[in-house]
Each structure stands twice: as C-alpha cells, then as structure tokens.
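*Asks:* Top to bottom, those sequences are chains A and B.
As numbered in the working numbering, residues 5 to 339 make up the first sequence, in order.
As numbered in the working numbering, residues 228 to 670 make up the second sequence, in order.
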Amino acid sequence: MDILNALVAFLNFVFIPAAAYGAQLALGALGVTLIYGILRFSNFAHGDSMAFGTAITILVTWGLQALGVSLGPLPTALLALPVGIAATAVLVLATDRAVYRFYRAQRAAPIIFVMASVGVMFVMNGLTRLLIGVDEQRFDDGARFIINVRDFREWTGLSEGLALRSTQALTLVVTVIVCAALFWFLNRTKSGKAMRAYSDNEDLALLSGIDPEKVVRLTWIIAAALMTIAGVLYGLDKSFRPFNYFQILLPIFAAAIVGGLGNPVGAIAGGFLVAFSEVAVTYPWVKVAGYLFPDWQPGGLLQLLGTEYKFAVSFVILIVVLLFRPTGLFRGKSV
Amino acid sequence: MSSNRQAASASPWRAPVLFAILAILFVLEGTVRNGMFSGSWNTSLAILNMGLISAITALGVNMQWGYAGLFNTGVVGFLAIGGLAPVLVSLPPVEGAWSAGGPRLILSLLVGLGTLALAKIVYARTRRAWSVALVLLVGLVAYRWLFDPAVTAIEANDSARTGNIGGLGLPVLLSWLVGGAFAAAAAWAVGKVALGLRSDYLAIATLGIGEIIVAVLRNEDWLARGVKNVAAIPRPVPYETDLQQNPAFADFAARWGFGVAEASGIWVKLCYMSLFLVVLLAIILLAQLALNSPWGRMMRAIRDNETAAEAMGKDVTARHLQIFVLGSAVIGIAGAMMITLDGLMAPTSFNPLRYTFLIWVMVIVGGSGNNWGSVLGAVLIWFLWIKAEVWGPNLIGVLVGPLPDGDIKAHLLGSAPHMRFIAMGLVLLLVLRFAPRGLVPEK
C-alpha cells in the first residue's frame with residue numbers, strides 16, 4: 005500500500021481540477037441565483053452572457069499584449085477583466101431596459117421571462133460570434149505552473165507527480181476574494197441589505213421605500229461582474245469556445261438548484277458539489293486503486309462514466325434534488 | 228401565457244392571405260433567378276420539405292406550450308431520439324452483431340431499468356436512503372458487468388463498416404411511429420420528475436435530457452455508430468438514379484421541359500412532400516379534434532388558470548404529463564422523418580440553437596395556441612433562416628461597399644453568417660413583446 009502516492013494522484017487528478025471547476029461553477033451559479041432571487045426567473049442567457057464578457061476580455065487582452073503590457077507571472081487577462089465587466093454590465097443593463105423591464109411592469113409569468121431570456125440568448129450568442137467567431141481561443145499567458153510535475157517529483161522523491169497550474173490557483177484565489185466581497189456587500193452595506201430585503205419580500209421592501217429599479221440595476225451589475233469573472237476564469241483554465249459556454253449552463257443551473265435557488269451560500273456549495281461529483285464519477289480510479297491495493301488487478305479503468313457524459317452527472321444530481329428536496333439543500337425560494 | 232388570451236377580432240382572411248404569401252415566396256424561389264432567389268425548383272422543394280418537418284416539430288412544441296404552457300428546451304433531444312428509430316427499425320440487420328452480444332445487451336438494459344424500478348419500490352416501502360443506495364449500487368455493478376462485454380463484442384464486429392447492433396429491416400415508414408414512441412418514453416421519464424414543480428424546472432430538466440440524448444447518440448457506437456454516422460438509411464420513395472434510367476420517366480420529364488437529372492430530383496422531393504403533408508394534415512386533424520373536445524377545453528382551462536382548474540377537481544400535473552408526452556411524441560415523429568429525408572444519421576449535427584430554440588421562434592412567431600399558426604411560422608421562419616444565409620452576406624456586401632478595403636471590411640463580410648442568430652433573437656423578442664399572440668392568433 006502506498007498511501008502517499010495515492011493521495012498525490014488523487015490531489016492531482018481529482019481534487020485540484022474539481023476545486024478549480026467548482027469555483028467557476030460557483031461564480032456562475034451565484035449570478036443565476038442572484039438574478040433568480042431578485043428578478044424571479046431562470047436566466048437562460050447566462051452562459052452566452054458569460055461568453056460575451058469573456059470575448060470582450062480576450063479582445064482587450066490581445067490589445068494589451070500587442071502594446072507589450074503584461075502582468076509578469078499573472079495572466080494579462082486580469083488587467084482586461086474590468087473592461088469586460090463594464091461592457092457586460094452595459095449590455096445586460098441595456099437588455100433589462102429593452103426587454104425585461106416591460107414584463108416586470110406587466111407582472112408577467114416567470115415563464116415569459118424565461119422565454120424572453122431565450123431571445124436574449126440568441127442575440128448574445130450572435131454578438132459573441134460577431135466579435136470573436138466560433139473557434140477555440142487560448143489567451144492565458146504568464147507562468148503556466150506554480151508546481152510542475154518534474155520539480156514535485158524531485159522535491160518529494162515520490163513516483164507520482166503533482167501539478168498545480170497557475171490558472172487553477174488563480175481561480176481559487178479570485179473566487180475567495182469575490183465571494184468575500186459579495187457577502188460583505190450583501191450583509192453589511194445598505195444597498196446589499198436592500199437587495200436581500202427585496203428578494204425576501206418584494207411588497208414589504210417597496211413599503212419601506214426601497215427603489216425596485218435601483219435594486220434591479222444593482223443586481224444586473226453584480227451579476228455581470230460574476231458572469232464575466234466566471235467566464236474568464238473558465239476560459240483561462242480550459243479554453244474559450246462559445247459553445248462550451250452554452251453547455252456549461254446545465255451544470256450552473258444544477259448547482260444553483262442544488263443549493264436552493266435564490267440562496268448565495270447554497271450556490272457556492274452547489275457549485276463545488278456538482279464539480280466534485282462530475283470529476284469523481286468520470287475519473288478512472290485505476291491508478292489510485294493501484295497504489296492502494298497493489299495486488300488487485302481490476303478488469304477495467306474503474307471509471308463509472310465516460311467523460312463525454314459529464315453532463316449526465318449534473319442532470320442526475322438535478323433530478324435527485326427535484327425528487328427529494330425541490331427547494332434545494334439550503335432552502336431556496338419555492339415560488 | 229399570462230392573461231392576455233382573450234380572443235380579439237382577427238380577420239378570418241388573415242391566415243389564408245399569409246399562407247398565400249408564403250406560397251408565392253416558394254414559387255419565386257423556384258422560378259426567379261436573381262440576387263435573392265435561386266430559381267431552382269430543387270432548392271425550393273428542399274427548403275419546403277425541411278420546412279414541413281419543422282412544422283410538425285413546431286406542432287409538437289405548440290401542443291406543449293400553446294395548450295398547456297410547458298416550456299420544453301430539449302426539443303433537440305426528442306428529435307434526436309426520434310431519429311434513432313429509422314436506424315434501429317429500417318436498416319438491414321448487421322451480420323454477426325446479434326450473436327456477438329445482442330441478448331446480453333438487452334438483458335443489461337432490462338437490468339438497468341429493473342434496478343431503477345426496484346429502487347423506487349424499495350424507497351416507497353422502506354423510505355431508507357441506504358437501502359436504496361445499496362440496490363442502486365448492486366444494480367449498477369450487475370448492469371456494467373453485463374453491458375460492457377456485450378458492447379465491446381458488438382463494436383468489434385466489422386467496426387470499419389458497421390460495428391453497431393443493426394436494424395430490423397422493417398419498412399422505414401413504420402419507424403416514424405417508433406420514433407414517436409421513443410420520444411414519448413423519454414418525455415414520460417422527464418415529465419414524471421420535473422412536472423408539478425416550479426415552471427422553470429421543466430425548462431432546465433429538459434435542457435439536460437436534450438444534451439444527454441445527443442451525447443448518447445454521439446458516443447454509443449453500438450447504437451447508431453456514434454460520430455461515424457449511419458448512411459444509406461432506406462427510403463420510402465424512389466431513388467434518383469433509378470428514375471434516370473427509366474425510359475418512361477425520361478419521356479415524362481421531356482414532356483414537362485425538364486432535364487432528366489433535374490426532373491428526378493424534383494420528383495423525389497415531391498414524393499417526400501406528399502408523405503410529409505399527409506402526416507402533417509393527419510396530426511393537425513387529430514389535434515383540432517382534440518382541442519375542440521371536452522379534453523381540449525379542460526386543457527385550455529388549466530392553462531389559463533391552474534388554480535381554478537385544480538379547484539374544479541382537475542389533476543393538473545397528470546394532464547400536464549399527458550400533453551407533454553403527446554407533444555414530445557409528435558416531435559419524435561418529426562425527428563424520424565428528418566433522418567429519413569436526410570438518409571443519414573449524423574449526431575454531431577444536432578445543435579440546440581438550430582433544433583430547439585429556432586423551433587421556439589417558429590412557434591412564437593406563428594402564434595402560440597394555434598396549430599395553423601405554428602405551421603405558418605415554421606415554414607416561414609425556416610425559409611427565412613435558409614435564405615438569410617444568402618441574403619445576409621449580400622446585404623452586408625451592399626452596406627460595406629463604400630468602406631475602403633481592409634481588416635474591418637473583411638471581418639464584417641466574414642461575420643455576416645452570424646447575423647442571422649441576432650436577427651432570430653430580435654424577431655423572437657419583438658414578437659413576444661409587441662404581438663405576443665403571433666401572426667395567426669388563437670381563436
């Protein structure tokens with residue numbers, strides 16, 4: 005039995021990738037859950053808005069790179085990120101003004117909002133295609149690894165290597181900062197409290213003089229920031245392909261529902277839960293098992309599900325939650 | 228939809244006039260050759276045939292949305308699973324595939340389904356999570372133990388040419404019904420879970436099932452060869468080459484003044500068109516009869532006010548499940564017809580923007596709740612979607628004409644094909660806001 009090597013293999017292939025992916029999903033699910041809490045609909049345009057913000061960030065990154073600007077070991081995209089956030093915020097505020105505000109005034113059924121968000125999704129998708137095309141783009145620069153496999157082997161003398169990519173570390177650090185800032189904002193500032201009050205009980209919030217349009221605007225701006233950050237981190241970590249951002253919609257929704265729609269803590273927990281299940285179910289465990297039980301010769305790869313079915317994992321989690329606890333683990337809204 | 232369903236006085240001539248305009252568009256496409264139209268009857272009929280299939284899909288979606296207010300975002304999956312039927316029903320059997328692992332494969336699938344059923348029974352009886360988990364674990368191991376060797380054996384069987392389980396060699400028209408049954412089964416499973424909860428949940432769950440069905444078709448080579456595609460699916464109509472070698476047909480073509488190659492293409496497309504029209508009209512007839520029956524009134528009552536209908540003793544969730552399954556079956560039939568028309572099962576072509584959300588644009592534009600509206604919207608939007616591929620670049624070409632040659636001009640010209648996504652999104656948003664009842668409103 006070789007516990008150390010098994011642990012390193014587990015960290016390298018399961019824990020670190022799942023943690024980074026979970027952080028990206030958590031940021032995406034936070035956006036979905038905030039929009040649900042305040043505007044009370046599931047935003048199908050979320051993935052494509054993420055793609056739009058990322059596309060703007062990539063374009064600015066290329067511009068900065070052409071000017072010779074760089075952040076040293078950190079990716080230049082971090083410098084471009086504020087521009088991406090600003091552009092996405094302007095765009096979503098414009099769509100709110102042009103599309104959703106009308107239905108809000110009408111007090112239309114939530115499903116009409118969802119339908120409208122599908123229209124917005126088409127437009128955003130087209131805008132992203134116009135901006136950057138449909139091909140895969142890589143835009144990470146700076147240091148690629150914080151710990152690389154060969155150095156790790158030399159330091160520890162273990163046969164199994166461990167790699168920590170800088171984008172993975174960056175994802176986790178940025179997510180912690182963003183979540184801390186968001187919870188500080190929601191719990192400590194007047195605007196944040198107004199948002200929570202509006203989410204809890206719209207009529208009561210209106211009676212106490214909270215301006216609903218201001219709350220909605222604020223929500224969109226925060227959601228735009230979360231979308232763009234999530235999208236850029238995902239793009240840095242994997243690569244940017246607009247269609248992947250449409251597909252990531254399902255795990256994001258699953259994360260938000262698992263945690264309880266409208267509940268920010270739940271969204272974060274849901275993001276990590278979905279990511280860890282997805283990676284754990286699609287990882288071939290034969291290597292880890294080989295270290296733990298050297299005498300055992302398993303017939304296959306000990307992989308529960310092929311990686312191409314990773315979306316099935318989010319789907320199954322979603323179904324289980326819908327069957328047994330439709331309001332989510334952290335008791336979200338049940339409107 | 229919300230409360231604005233009250234019938235307004237729409238002119239009774241509206242639908243006929245719109246259909247006439249649509250017919251003129253297709254005639255122009257068939258006869259006039261200029262910057263806008265191709266002047267080829269083959270192109271015109273090809274667009275029409277796909278438009279008719281879109282119309283049947285739109286009818287299915289309209290049943291779910293227009294009669295019951297259910298938002299199905301997995302249309303692509305139900306089309307795809309319907310498209311599986313021609314492959315499994317009408318292809319000739321693959322030699323050796325069945326003996327390689329057929330019975331074992333069927334057994335494994337039965338074990339898989341049995342496990343789920345057993346888990347449900349155990350849960351209902353004991354309400355203990357760990358006993359359910361134990362059942363699922365044992366079932367999963369048994370399923371994989373049966374399934375994996377069978378699949379390996381089937382896929383190893385002449386994998387360059389086949390490597391799939393093969394079909395039954397039955398007539399392809401039969402597969403259309405089977406496709407509907409496949410889609411209905413998938414819809415029942417999703418609907419059973421997601422209906423009766425918040426309205427967005429069905430949308431999210433169907434988004435998931437759509438992606439999973441397409442992923443299964445893409446990766447399960449034993450089923451329909453995955454991304455290696457299945458070609459040469461049998462046709463219900465004659466082949467062009469056979470027609471061209473038939474002297475009687477050559478005479479017939481010459482009498483109408485067409486070349487024999489062109490005429491054979493047109494003839495085949497007309498055959499398909501008649502088949503599709505028969506199916507379309509049959510579905511509309513059944514749907515109209517159902518809508519005007521007490522059942523249809525109940526459905527509309529539920530849609531317009533669920534609480535009131537429930538207070539009158541209607542089981543809203545059960546009715547929703549019923550209509551969801553029926554609508555999905557219609558979508559599945561359309562999927563089987565589409566694969567029959569193409570003669571090719573290519574899972575990579577199932578794109579949700581094209582096969583789910585474009586269908587939604589068709590239904591909303593046509594007039595949700597109105598079957599004829601859905602047909603009109605489907606054929607019209609499909610025509611525009613295809614022609615936008617030609618018109619978009621032409622339009623952009625005219626618009627950027629004055630610009631100096633350079634990167635910006637090249638980029639704009641190159642990105643013209645993407646404009647149609649924006650255009651479709653805008654059409655959906657504009658119709659939803661300014662004419663929520665569509666081109667042909669519900670009566």
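A virtual CB, placed ideally from N, CA and C, is assigned to each residue, including glycine.
Taking all protein chains shown into account, decide if P313 (chain B) is buried (16 or more other Cβ within 10 angstroms of its Cβ) or exposed.
*Replies:* Residue numbering aside, residue 313 (chain B) sits at position 86 when the second sequence is read from its first letter. Its Cβ being crowded by 16 or more others within 10 Å, P313 (chain B) is buried.
*Asks:* Do the CB positions of W224 (chain A) and L97 (chain A) come within less than 8 Å of each other?
*Replies:* Position 220 of the first sequence holds residue 224 (chain A). Position 93 of the first sequence holds residue 97 (chain A). Yes, they are a contact pair.
*Asks:* Count the CB pairs spanning the stretch 610-630 of chain B and the stretch 331-346 of chain B that are closer than 8 Å, and state whether there are at least three.
*Replies:* No, they do not touch.
*Asks:* Please tell me whether H547 (chain B) has its Cβ less than 8 Å away from any Cβ of chain A.
*Replies:* As a working note, residue 547 (chain B) is residue 320 in the second sequence. It does not: the Cβ of H547 (chain B) has no partner Cβ on chain A nearer than 8 Å.
*Asks:* How would you list, in chain order, the residues of chain A whose beta-carbon sits under 9 Å from the beta-carbon of Y582 (chain B)?
*Replies:* As a first step, residue 582 (chain B) must be located in the second sequence, where it is residue number 355. Within 9 Å Cβ-Cβ: nothing; Y582 (chain B) doesn't reach chain A, min ~13 Å.
*Asks:* Compare the C-beta of L309 (chain A) with all C-beta atoms of chain B and state if any pair is closer than 8 Å.
*Replies:* On the first sequence, residue 309 (chain A) is found 305 positions in, with the first residue counted as 1. Answer no: the Cβ-Cβ gap between L309 (chain A) and chain B never drops below 8 Å.
*Asks:* R221 (chain A) versus chain B: which residues are under 9 Å apart at the beta carbon?
*Replies:* Numbered from 1 along the first sequence, position 217 holds the residue referred to as residue 221 (chain A). In chain order: nothing, as chain B lies at least about 20 Å away.
*Asks:* Taking 8 Å as the cut-off, does the stretch 565-582 of chain B touch the stretch 238-246 of chain B (at least 3 CB pairs, one atom from each stretch)?
*Replies:* The answer is no - the stretch 565-582 of chain B does not touch the stretch 238-246 of chain B, with fewer than three Cβ pairs under 8 Å.
*Asks:* Whose C-alpha, out of B:V457, B:G418 and B:W403, is nearest the C-alpha of P463 (chain B)?
*Replies:* If you number the second sequence from 1, residue 463 (chain B) lands on position 236. When only C-alpha atoms are compared, the closest one is B:W403.
*Asks:* I want to see whether chain A comes within less than 8 Å of G296 (chain B), judged by CB atoms only; does it?
*Replies:* For the purposes of this step, residue 296 (chain B) is taken as the residue at position 69 of the second sequence. Yes, contact with chain A.
*Asks:* Can you grab the Cα-Cα spacing for the pair V283 (chain A) / N16 (chain A), in whole Å?
*Replies:* Residue mapping note: residue 283 (chain A) aligns to position 279 of the first sequence, counting from 1. Residue mapping note: residue 16 (chain A) aligns to position 12 of the first sequence, counting from 1. Cα to Cα, the separation comes out at about 12 Å.
*Asks:* Does W587 (chain B) come within less than 8 Å of chain A when only Cβ atoms are used?
*Replies:* Position 360 of the second sequence, counted from the first residue, corresponds to residue 587 (chain B). Yes - at least one Cβ of chain A is within 8 Å of the one on W587 (chain B).
*Asks:* Beta carbons nearer than 8 Å to chain B: which residues of the stretch 64-90 of chain A have them?
*Replies:* Taking 8 Å as the Cβ-Cβ cut-off against chain B, none of the residues of the stretch 64-90 of chain A qualify.
*Asks:* Checking contacts by CB at 8 Å: is G523 (chain B) closer than that to chain A?
*Replies:* Reading the second sequence from its first residue, position 296 is the one you call residue 523 (chain B). It does not: the Cβ of G523 (chain B) has no partner Cβ on chain A nearer than 8 Å.
*Asks:* Do you know offhand how far S230 (chain B)'s Cα is from R355 (chain B)'s?
*Replies:* Here residue 230 (chain B) refers to the residue found at position 3 of the second sequence. Here residue 355 (chain B) refers to the residue found at position 128 of the second sequence. Here S230 (chain B) scores only 41 on pLDDT, less than 50, and its place in the model is too uncertain to base an answer on.
*Asks:* Measuring alpha carbon to alpha carbon, tell me which residue in B:V658, B:R647 and B:R660 is nearest T132 (chain A).
*Replies:* Position 128 of the first sequence, counted from the first residue, corresponds to residue 132 (chain A). Of the listed residues, the one whose Cα sits closest to T132 (chain A) is B:R647.
*Asks:* Between L345 (chain B) and the rest of its own chain, which residues show a CB-CB distance below 8 Å, the 5 nearest in sequence each way excluded?
*Replies:* Within the second sequence, numbered from 1, the residue matching residue 345 (chain B) stands at position 118. Cβ within range, chain order: V362 and G366.
*Asks:* Give the residues of chain A in contact with F648 (chain B), contact being defined as C-beta atoms less than 8 Å apart.
*Replies:* Locating residue 648 (chain B) in the second sequence gives position 421, counting from the first residue. What F648 (chain B) touches in chain A: F126, V127, N129, G130 and R133.
*Asks:* At a CB-CB cut-off below 9 Å, which residues of chain B make contact with I323 (chain A)?
*Replies:* What you label residue 323 (chain A) is simply residue 319 of the first sequence in a count that begins at 1. Those are V417, V420, A421, A432 and G435, listed as they occur along chain B.
*Asks:* Exposed or buried, which one is G486 (chain B) when buried takes at least 16 other CB atoms within 10 Å?
*Replies:* Indexing the second sequence from 1 puts residue 486 (chain B) at position 259. That one is exposed.
*Asks:* Just the Cα atoms here: how many angstroms apart are E438 (chain B) and A413 (chain B)?
*Replies:* As a working mapping, residue 438 (chain B) is identified with position 211 in the second sequence. As a working mapping, residue 413 (chain B) is identified with position 186 in the second sequence. If you take the alpha carbons of E438 (chain B) and A413 (chain B), they lie about 13 Å apart.
*Asks:* Bridge partners for L78 (chain A) per DSSP, in chain order?
*Replies:* Translated into positions along the first sequence, residue 78 (chain A) becomes position 74. In DSSP, L78 (chain A) forms a bridge with A:L75.
*Asks:* Going by DSSP, what residues sit across from Q141 (chain A) in a beta bridge?
*Replies:* Numbered from its first residue, the first sequence carries residue 141 (chain A) at position 137. Partner(s): A:F244.
*Asks:* Does DSSP put S238 (chain B) in a helix, a strand or coil?
*Replies:* The sequence position of residue 238 (chain B) within the second sequence is 11, counting from 1. DSSP places S238 (chain B) in coil when its eight states are reduced to three.
*Asks:* Can you give the Cα-Cα distance for P465 (chain B) and L400 (chain B), rounded to whole angstroms?
*Replies:* Your numbering for residue 465 (chain B) matches position 238 in the second sequence. Your numbering for residue 400 (chain B) matches position 173 in the second sequence. Roughly 14 Å between the two C-alpha positions.
*Asks:* Tell me the DSSP secondary structure of F298 (chain B) in three-state form.
*Replies:* Numbered from 1 along the second sequence, position 71 holds the residue referred to as residue 298 (chain B). DSSP places F298 (chain B) in coil when its eight states are reduced to three.
*Asks:* Once you ignore the five residues that flank L653 (chain B) on each side, which residues in its own chain have a CB closer than 6 Å to its CB?
*Replies:* The sequence position of residue 653 (chain B) within the second sequence is 426, counting from 1. Nothing meets the Cβ criterion.
*Asks:* Count the other CB atoms, across all protein chains shown, that sit within 10 Å of the CB of G309 (chain B); report buried if there are 16 or more and exposed otherwise.
*Replies:* The residue labelled residue 309 (chain B) in the question sits at position 82 within the second sequence. Its Cβ being crowded by 16 or more others within 10 Å, G309 (chain B) is buried.
*Asks:* Between B:M589, B:I550, B:Q549 and B:A528, which has its C-alpha nearest G540 (chain B)'s C-alpha?
*Replies:* The residue labelled residue 540 (chain B) in the question sits at position 313 within the second sequence. Checking every option, the nearest Cα to that of G540 (chain B) belongs to B:A528.
*Asks:* Taking G301 (chain B) as the reference, give the member of B:F661, B:A442 and B:A605 with the closest Cα.
*Replies:* Stepping through the second sequence from its first residue, residue 301 (chain B) is reached at position 74. Comparing Cα positions, the closest option is B:A442.
*Asks:* Comparing C-alpha positions only, which one of A:A10, A:Y25 and A:L31 sits nearest to F187 (chain A)?
*Replies:* Indexing the first sequence from 1 puts residue 187 (chain A) at position 183. Checked all of A:A10, A:Y25 and A:L31; the closest Cα to F187 (chain A) is A:L31.
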